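Report on the structure given below.
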Amino acid sequence: MANKVKPNSFFGVGSVEVESQGEKCRRLAITADKLVTQPQEGIETTSDIIDYAARTHGTKDAFGWRDIVEVHTEEKDVKKIIGGKEVTEKKQWQYFQLSDYKYISFVEIQSRVSELARGLVHYGITTENVFNMYASTSVNWQLMSHACAFVSTTIATAYDTLGESGLTHSLNEPECVGIFTNADLLSTVSRVLKNTPTVRFVVYDGEPKASVLTDIRAIRDSIQLVSIDELRETGKAQDVETIKSRRPKGDTVSCIMYTSGSTGAPKGVVLTHSNLVASVGAVYTLLGHQLKADDSFLAYLPLAHILEYAVELTLFFIGMTTGFGRVKTLTDASVRKCKGDIAAFRPSIMVGVPAVWETIRKGIVSKIGAGSAVSQSVFKGAYAAKRANVPGLSQLAEGAVLSKVKAATGGRLRLALSGGAALSRETQEFLTVALVTVLQGYGMTESCGMCAILPPDMMQYGTVGLPVPCIEIKLLDVAEAGYFANGENPQGEVCIRGPSVTKGYYKRDDLNNDETIFTKDGWLRTGDVGQWNPDGTLSLIDRIKNLVKLAGGEYIALERLESIYKACNLVANICVYASTDANKPIAIIIPHEHNLRTMLPPGVDTNAGLPALCHDDKVKELVLKECNAIGKKNGFKPMETLQAVVLTPEEWTAESGLVTAAQKIQRKKISDVFATEIKASTNGSLSDVTGSIKVGSGLYPGLVKRAWGSTLTGSFYALGRVAALTIPNLSVDIRASAYTDPLYSVATTQLAASLTCPHGAVGSKAGGVVLLVHGTGSTGDETWENGPYNKILPTYGAGYDVCWVTLPGKSLGHAATTAEYVVYNIKALASQSKTGKVFLIGHSQGAGLNIPWPLDFFPSTQPLVSGFVALSGDFRGTSLGGSVCFGLDFLEGHCSESIWQQAQNSSYLRAQYVGFSKAIVGTTSIFTTFDEIIPPEPYDSTLNGASNILIQDNDACGPAKVVDHFLGAKGPG
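As numbered in our numbering, residues 229 to 1201 make up the sequence shown, in order.
See below:
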């Protein structure tokens, strides 16, 4: 693949194709000749990194932590649904009061690690032993892990959220001899020790209850139990020489890092010191010029997760100060009588998984939404100025407004990295503009967390960045899903190889010998589907195991959908589910309660608890609508939009088994738990209806070509729309008489923003409101601003308020979607109009498609409309439209949806004509004998039951002028 973009000053052309071991693959351009194996000559192990940092950074602050000063208990009411009824229960919540940050230097860390290592040797820990790390992220976690590395003892990681079964597995499979844990986890350790016979040495951090220590000692005589401080004191008394012969080598196994187990039991990934050192070298090569020793990093993710482990090791090498925090104490709201960890430590660098960044974004949006209308407008204006990078104005916005947002994170944050899963573009862009540059990364435990990283120098959206310099990548065809590595846009399964990639899983020969995972020539097949971009960056577009083939034969990628829908402000967490017999996916959603309550629709009890809200159909409709608006904004195809939602108030936790310890959703378990709700949400659904609509003597299959711009299968977002797309001779009319208005597929904020009322607020004119609707290829301003209606109507007769809509994309998109803008604003203006009604004037497509569709398929608009004037309207389509589209299809390969829909006999117009064959409200149609856009006249613009007014060409255009369609909006009315 040729690079067709301007080379970056630092990274050249990004990545390049190279020949490696007899085949072609891609590497980072600046290290194309050789993969990186270490950050500096002579550093071969993680222990070498500890020594290097002590020599280089000396007495500089290395690690910081906060002590718990006091625990505050508060009682709160929690509402639940029990036996179908909402009940209130009392629940106690604990909040920490913390000290200021305390620090130790790089030299002190080296000293403490050595002392602990000597203590381990004293207690008989050998190079053959495995030591389990079952504790929260902290300074002492790091000290214990490096102490084990100093004496070539392998560690095995276990998330501190693991329950008894998970912990038992992580102790028994590697036959762990020792375990390091926190005082508050000792009770869990005590319960599993009976079933983990190899464990004989327990080191704890903190101050546990004496009864727990007594229980552990009583399990068996061989168990030795000491605190980490006691272990250090023991080590101090031992000769330094006792550990020199135990130093690790590059091929020594440093860590058995257990994956979070999103598919079956956790797998132990075997990582050597060479693997880890290569990943440090790669990050340093790629980002070293961006990361400085005077930066500061806030650590709070589990060190049992490879992302956190590898990042902390790299930043330690660089000499950056790391402050340790807790997830439950990050913000000011989660602590008492002190600042949260972020505000107290004031980091300049942060790393997080998508769930963290989504929470931060929604928190900012929620806080802004709770402010006054003025403050919201100020923020929106500042955000828009910064996003557009308006010279001078963007700097003013940054200093005057956005700096206040940044103050919540301490005011120093300048760089953030998201990894672990896909982050939605919407969240990435919002945080980058409002808070901090958020970079995407891509990796996995098997690659020491690193496959690709987006450097700040190449900041963009929709890509995971450049290959890290310790990895080479090739793409493998996924033919069944239509991905080909040698296509014009190279796509395929991502395969990785290099010095940071594991050689296999611990005691899993079945997997290590599986060539669908590890190939004989050294490639690890990731299961992710990637695409090379022209600038050499990699984008992830699918996940093979999460590709679901729908009933219509199309594939959808569930993880990708989740990453986008998660950006909806009403979503706290989401699991997208689809069965192979479905036409669309559904979503099981935990709502964001605060944001949900600010948007509750009319008729919903605002005092109801979250469980009751989750059972409310109006609330479900709201969440469905907002989610699908996000999907549409991100270009989702109709089969990627949600058919229904299931709402649940209960958090998904690792303890419940619905998410992993790394907070990855357990899709199968979630779908099993909510099987009843899933079935109920799809029973009687739109896809069921589309399969049973009778047309003549047969069943219409639900396939519509051109009416929607592409071939689609199954239902659309509302029953009225489904019915509208069937063949006209329906045996049963299933329109407005039987069903209410369809739901909007566009966010109401977007619908409202389309309205312009040039003379100010409406509601003062006795004649009411006139709404003007423009046609194809123009905007509301272009059509109406300088025309007669805007000038004359405000003072004509009793006087009229004048407004117009500007339809998206100059009304070239799907006409049923653009019609929603008309529907929304009819309702909005009618509620403000002096008469309680709205008079409609439409031109061209605005008259022929975008007004009739609302009146036909949104029946609640009919009593709100006092009259309708159509100017050069194409009620039955134009013979020119089809010709234009077939020409464009031939020349350019596509034609705008609304132009297809205006072709004579289009599915759209045939559907519309079923209910709109005659005027629904008082209608006047004005047209000319000749119209260069919508021939043939007068057939196209006449409507049964309407006052059809023919204007001679000379009257409308002047002598010898025959081009008059566009003048329809200029005066004949």
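The C-beta atom is built at its ideal place from N, Cα and C for all residues, glycine as well. Everything numeric in this text was worked out from a predicted model, so none of it was measured.
Delimiting residues of the beta strand (DSSP E) encompassing residue i
i: A510; result: Looking at the DSSP string, A510 is not in any beta strand (DSSP E); the run it does join, the alpha helix (DSSP H), is 501-515.
i: A1098; result: 1093-1099
i: I814; result: 814-819
i: I256; result: Here the sequence assigns Leu to residue 256, which means Ile is not the residue at that position. Looking at the DSSP string, the run of the beta strand (DSSP E) that includes L256 is 251-256.
i: I1069; result: 1066-1071
i: I577; result: 577-580
i: Q759; result: 752-760
i: W880; result: Unbroken run through W880: none, as it is neither H nor E.
i: Y783; result: 783-785
i: A872; result: 872-875
Anticipated Cβ contact below 8 Å, residue i with residue j, distance rounded
i: T1151; j: F1096; result: 5 Å
i: G406; j: N360; result: 7 Å
i: V358; j: I484; result: 7 Å
i: C723; j: T754; result: 7 Å
i: M678; j: A538; result: 7 Å
i: G638; j: P575; result: 6 Å
i: T470; j: R346; result: 6 Å
i: P727; j: T265; result: 5 Å
i: L504; j: L541; result: 6 Å
i: P1036; j: T1023; result: Not really, about 32 Å apart at Cβ, beyond 8 Å.
i: Q1130; j: L1077; result: 7 Å
Enclosing alpha helix (DSSP H) for residue i [first to last residue]
i: N740; result: 737-740
i: F545; result: 534-546
i: E343; result: 334-350
i: I802; result: Careful: I802 lies outside any alpha helix (DSSP H), inside the beta strand (DSSP E) at 799-805.
i: L852; result: 845-861
i: V990; result: Neither: V990 is in no alpha helix (DSSP H) and is coded neither H nor E.
Short Cβ contact (9 Å threshold) for residue i with residue j
i: V1050; j: Y1028; result: no
i: E302; j: Q325; result: no
i: Y432; j: L453; result: yes
i: V1030; j: L1068; result: no
i: G551; j: L526; result: yes
i: L630; j: A644; result: no
i: V420; j: T389; result: no
i: S973; j: K860; result: yes
i: A282; j: Q370; result: no
i: F545; j: Y280; result: yes
i: S482; j: T655; result: no
i: V661; j: L641; result: no
i: V581; j: A890; result: yes
i: T691; j: T747; result: no
i: A800; j: I818; result: yes
i: L752; j: R771; result: no
i: T1011; j: I1127; result: no
i: G1048; j: P1082; result: Contrary to the premise, residue 1048 reads as Glu rather than Gly in this sequence. Contact: yes.
i: T549; j: D289; result: yes
i: I258; j: T513; result: yes
i: A1058; j: F1085; result: no
Residues bridged to residue i (per DSSP)
i: E302; result: W321
i: E245; result: R254
i: F195; result: Examination of residue 195 is not possible in this model, given that the chain is present from 229 through 1201 alone.
i: C985; result: DSSP lists no partner for C985.
i: T1170; result: For T1170, which the question treats as bridged, DSSP gives no partner whatsoever.
i: R771; result: D756
i: A527; result: F552
i: T316; result: K307
i: Y486; result: G496
i: G292; result: Y331, G551
i: K1146; result: N1172
i: Y733; result: V497
Fully enclosed by the segment 642-727, which beta strand (DSSP E) runs are 3 residues long or longer? Secondary structure in the segment 642-727: the beta strand (DSSP E) runs of 3 residues or longer, each lying completely within the stretch, are 643-646, 665-670, 700-704, 719-725 in chain order.
Please give me, in chain order, every unbroken run of the alpha helix (DSSP H) with length at least 4 that falls completely inside the segment 410-483. Segments of the alpha helix (DSSP H) lying fully in the segment 410-483: 414-420, 438-445, 456-464.
Tell me the start and end of each unbroken alpha helix (DSSP H) in the segment 998-1050 that is at least 4 residues and wholly inside, in chain order. As far as the segment 998-1050 is concerned, its whole alpha helix (DSSP H) runs of at least 4 residues are 1008-1012, 1016-1020.
Note down, one range per segment and in chain order, each alpha helix (DSSP H) of at least 4 residues found wholly within the segment 353-394. DSSP runs (the alpha helix (DSSP H)) wholly in the segment 353-394: 367-378.
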